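Residue numbers (this note's numbering), protein chains in the order written: chain A, 2 to 246; chain B, 27 to 349.
Accompanying notes for the structure given below.
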């Protein structure tokens, strides 16, 4: 049922390992700018929910990174599909759709974990020490799982790499800014809060932030993330056949 | 007992099994045999069976009811101009494209009903050199073996064997992006053979390669076929089909025009051709004997060339089009 996942995962992770020296600086740039601009310059004297703004910001940046880096697998799949035609090697092999999606999703999660580690290390340089526990890890992994599955699904549906860029602009960027990364959602109008409650990042940011503050995370947030994870994964599996002519 | 539909060989074989009755059916994976009083009537199933395969892209009929069989161990060429339906046929057979109608079996496995079993029967060498540029040659081959669920030790053994077979032993650790076009093509062929498939699909295997490298690839394909593989090759190079194939199918506008051996296809036009350039227009006349062709050229003004009849002549004669 999951035949082929290891081959797909191994392929992606070998490539990831080979590019790691270039990726680590790339993963550092945006968080570093956010930490300097928002954390140091704008929010230096701000206190949010009883914590410094940097302590508030870092878990949000982690949630956003788990989303963007897991979703980045879509670009890798597109390049493999439209430019290098490597996807045909998978299509012609006797592997299951579930195995293919699982391999790609696990590779995306691996990438998200490595990028998250870079941010945690950056946070230490800024003097931010977070609590790490199972809830923290679970929130991070579930969020990466959802966006990796969504990335695979959309990568199967788009007809060109340009379409993929549009999806990033319309889905990922707005969610990154409005999903509780940079400011508490309570400051937004209630109808906006209701709309943002649909976004997985809102729940992920809330669980990761609560865990990093040493508070107990909401089981409702975990349940929503788990359900969204199942739905997006099944959706991704069902989309693989659509990539055929 | 059903009569074999296709009797290829009639072999007088001493009965190995002492309890075999006077007449019985013998069945193995690739052989339907009928034993009859000390004689085995051997009948092979085709490795590739295509029946009435069709595919439509919008209003364009890419394939319009293609039917053909390819026997075990045969090197079969599928020849036609660009857009004739060659790649569409291979894409359907290999599961990359859905077909609209008809059926196909690979080594007895139906591509629609048992797609994963059917996929285990072939190796695909696509037109594009679709190696993972950031992986080494060994890694490209290893990932392929894992996709076919092979044990790691078996994959490594097979990679060593194939690198030697393809004369690539010293390139195993090279990144694919550092290889030349000819080397990449050899690696793509090696990759397709990692899981020891019964059938090899080669889609325009020498397109874009210079003549020297093309001939090396031809020699390699001949060697693979001699070692027992069934090869289905698409090409629009006349000389490639003539040099390699035992049988050739002409395909045009999604339909099979004819299937025959290169020798039979060309002999229909006679053995010799004279190309004549007149008012910027090239005309060709065909002759049974070279002497007649020479005599014809003597009657003409300058600008005549005598040559052997080739498959392109046969294709033009049947379709009115150039390949």
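Just so you know, even glycine gets a beta-carbon here, dropped at the ideal spot from N, CA and C.
Fair warning: this is a prediction, and the values are worked out from it, not measured in the lab.
| Ranges of the alpha helix (DSSP H) found wholly within the segment 62-134 of chain B, counting only runs of at least 4 | 112-119
| request: Could you please give the first and the last residue of the uninterrupted beta strand (DSSP E) stretch that includes residue 335(B)? | output: Position 309 of the second chain holds residue 335(B). No beta strand (DSSP E) holds residue 335(B); DSSP gives it neither H nor E.
| 8 Å Cβ cutoff met for residue 60(A) and residue 225(A) | Taking the first residue of the first chain as position 1, residue 60(A) is located at position 59. Taking the first residue of the first chain as position 1, residue 225(A) is located at position 224. The answer is no: Cβ separation not under 8 Å.
| Roughly how many whole angstroms lie between the Cα atoms of residue 90(B) and residue 95(A)? | Reading the second chain from its first residue, position 64 is the one you call residue 90(B). Reading the first chain from its first residue, position 94 is the one you call residue 95(A). Whole-angstrom Cα-Cα distance: 27 Å.
| request: Look up residue 325(B) in the DSSP assignment and give the residues it is bridged to. | output: Residue 325(B) sits at position 299 when you count from the first residue of the second chain. None; residue 325(B) has no bridge partner.
| query | Among 265(B), 321(B), 252(B) and 307(B), which one has its Cα closest to the Cα of residue 100(B)? | reply | As a first step, residue 100(B) is located in the second chain; it is residue number 74 there, counting from the start. Per the Cα distances, 252(B).
| said: If the criterion is Cβ atoms closer than 8 Å, does the pair residue 237(B) and residue 86(A) meet it? | reply: For the purposes of this step, residue 237(B) is taken as the residue at position 211 of the second chain. For the purposes of this step, residue 86(A) is taken as the residue at position 85 of the first chain. Their beta carbons are not under 8 Å apart, which means residue 237(B) does not touch residue 86(A) by this criterion.
| Short check: CB of residue 274(B) to CB of residue 299(B), under 8 Å? | Looking up residue 274(B) in the second chain gives position 248. Looking up residue 299(B) in the second chain gives position 273. No, these two residues do not count as a Cβ contact at 8 Å.
| message | DSSP three-state label for residue 34(B), please. | response | Taking the first residue of the second chain as 1, we reach residue 34(B) at position 8. Here the model assigns residue 34(B) a pLDDT of 41, short of 50, so the residue's position is not dependable and the matter cannot be decided.
| Roughly how far, in whole angstroms, is the beta-carbon of residue 184(B) from the beta-carbon of residue 213(B), given that I think they are within contact range, below 8 Å? | Along the second chain, one-based indexing puts residue 184(B) at 158. Along the second chain, one-based indexing puts residue 213(B) at 187. About 14 Å separates the two Cβ atoms, so there is no contact after all.
| query | In whole angstroms, what is the alpha-carbon distance linking residue 15(A) and residue 161(B)? | reply | Counting from one through the first chain, the residue named residue 15(A) turns up at place 14. Counting from one through the second chain, the residue named residue 161(B) turns up at place 135. Residue 15(A) and residue 161(B): Cα-Cα distance of roughly 7 Å.
| For residue 204(A), the three-state DSSP class (helix, strand or coil) | The residue labelled residue 204(A) in the question sits at position 203 within the first chain. Residue 204(A): helix per DSSP, three-state reduction.
| query | With contact counted as at least three CB pairs below 8 Å, one residue from each stretch, are the segment 72-92 of chain A and the segment 175-186 of chain A in contact? | reply | no
| Any beta-carbon of chain B closer than 8 Å to the one on residue 8(A)? | Taking the first residue of the first chain as 1, we reach residue 8(A) at position 7. It does: the Cβ of residue 8(A) has a partner Cβ on chain B nearer than 8 Å.
| In terms of residue numbering, what span does the alpha helix (DSSP H) encompassing residue 58(A) cover? | Translated into positions along the first chain, residue 58(A) becomes position 57. Element bounds for residue 58(A): 54-72.
| query | At which residue ranges does the segment 127-215 of chain A contain complete alpha helix (DSSP H) runs of 4 or more residues, listed in the order of the chain? | reply | 135-158, 162-168, 174-179, 191-197 and 201-213
| said: Could you tell me the alpha carbon to alpha carbon distance between residue 36(A) and residue 58(A), rounded to whole angstroms? | reply: The residue labelled residue 36(A) in the question sits at position 35 within the first chain. The residue labelled residue 58(A) in the question sits at position 57 within the first chain. Whole-angstrom Cα-Cα distance: 8 Å.
| request: Compute the distance between the beta-carbons of residue 280(B) and residue 111(B), then report whether it is under 8 Å. | output: As a position in the second chain, residue 280(B) is number 254, starting the count at 1. As a position in the second chain, residue 111(B) is number 85, starting the count at 1. Yes; because the gap between Cβ atoms is below 8 Å, this pair is in contact.
| task | Pick helix, strand or coil for residue 285(B), following the three-state DSSP scheme. | result | What you label residue 285(B) is simply residue 259 of the second chain in a count that begins at 1. Looking at residue 285(B) - three-state DSSP - the assignment turns out to be strand.
| query | Span of the alpha helix (DSSP H) holding residue 137(B)? | reply | Position 111 of the second chain, counted from the start, is the residue given in the question as residue 137(B). Per DSSP, residue 137(B) belongs to no alpha helix (DSSP H) and is neither H nor E.
| message | Which residues does DSSP list as the beta-bridge partners of residue 112(A)? | response | The residue labelled residue 112(A) in the question sits at position 111 within the first chain. None; residue 112(A) has no bridge partner.
| Would you report the Cα separation of residue 84(A) and residue 109(B), rounded to the nearest angstrom? | On the first chain, residue 84(A) is found 83 positions in, with the first residue counted as 1. On the second chain, residue 109(B) is found 83 positions in, with the first residue counted as 1. When rounded, the distance between both Cα atoms is 21 Å.
| field | CA-to-CA distance, residue 193(A) to residue 45(A), given in whole angstroms | value | Residue numbering aside, residue 45(A) sits at position 44 when the first chain is read from its first letter. Residue numbering aside, residue 193(A) sits at position 192 when the first chain is read from its first letter. Taking the straight line from one Cα to the other gives about 27 Å.
| request: Could you list which residues in chain B have their beta carbon closer than 8 Å to that of residue 77(A), in chain order? | output: The count along the first chain starts at 1 and reaches residue 77(A) at position 76. Under the 8 Å cutoff, chain B gives no residues; its nearest Cβ is about 11 Å from residue 77(A).
| query | For residue 75(A), does the three-state DSSP call read helix, strand or coil? | reply | Along the first chain, read from residue 1 onward, the residue named residue 75(A) stands at position 74. Note: residue 75(A) maps to helix in three-state DSSP.
| request: With a 10 Å radius around its C-beta and 16 neighbouring C-beta atoms as the bar for buried, classify residue 326(B) as buried or exposed. | output: Numbered from its first residue, the second chain carries residue 326(B) at position 300. Exposed.
| said: Using 8 Å for Cβ pairs, my map puts residue 207(A) next to residue 222(A). What's the rounded Cβ distance? | reply: On the first chain, residue 207(A) is found 206 positions in, with the first residue counted as 1. On the first chain, residue 222(A) is found 221 positions in, with the first residue counted as 1. Right, their Cβ atoms sit about 5 Å apart.
| said: In the DSSP output, what is residue 298(B) paired with across the bridge? | reply: In the second chain, the residue the question calls residue 298(B) occupies position 272. Residue 298(B) is bridged to 313(B) and 334(B).
| Positions along the segment 90-115 of chain A whose CB lies within less than 8 Å of some CB in chain B | 90, 91, 92, 93, 94, 95, 96 and 97
| Can you name the start and end residues of the alpha helix (DSSP H) that residue 214(B) belongs to? | For this step, residue 214(B) is matched to residue 188 along the second chain. First-last of the alpha helix (DSSP H) with residue 214(B): 207-219.
| Whole-number beta carbon distance between residue 217(A) and residue 132(A), since they are thought to touch under 8 Å | In the first chain, counting from the first residue as 1, residue 132(A) sits at position 131. In the first chain, counting from the first residue as 1, residue 217(A) sits at position 216. Between residue 217(A) and residue 132(A) the Cβ distance is about 11 Å, and since that is not below 8 Å, they are no contact.
| said: Considering only their Cβ atoms, is the gap separating residue 230(A) from residue 100(A) smaller than 8 Å? | reply: In the first chain, counting from the first residue as 1, residue 100(A) sits at position 99. In the first chain, counting from the first residue as 1, residue 230(A) sits at position 229. No, the Cβ-Cβ distance between residue 100(A) and residue 230(A) is not below 8 Å.
| If you draw a straight line from the C-alpha of residue 284(B) to the C-alpha of residue 240(B), how long is it? | Reading the second chain from its first residue, position 258 is the one you call residue 284(B). Reading the second chain from its first residue, position 214 is the one you call residue 240(B). Cα to Cα, the separation comes out at about 26 Å.
| said: I believe residue 155(A) touches residue 179(A) by the beta-carbon criterion, under 8 Å. Please report the beta-carbon distance rounded to the nearest angstrom. | reply: Position 154 of the first chain holds residue 155(A). Position 178 of the first chain holds residue 179(A). Actually they do not touch by this definition, with Cβ atoms about 20 Å apart.
| query | Near residue 66(A), what residues of its chain come up, given a Cβ to Cβ distance below 6 Å and the 5 sequence neighbours on each side ignored? | reply | On the first chain, position 65 is the one that residue 66(A) refers to. Excluding sequence neighbours, residue 66(A) sits near 116, 117 and 120.
| field | Option nearest residue 175(A) by Cα separation, candidates 200(A), 195(A) and 105(A) | value | To locate residue 175(A), count along the first chain from 1; it is residue 174. Closest by alpha carbon: 200(A).
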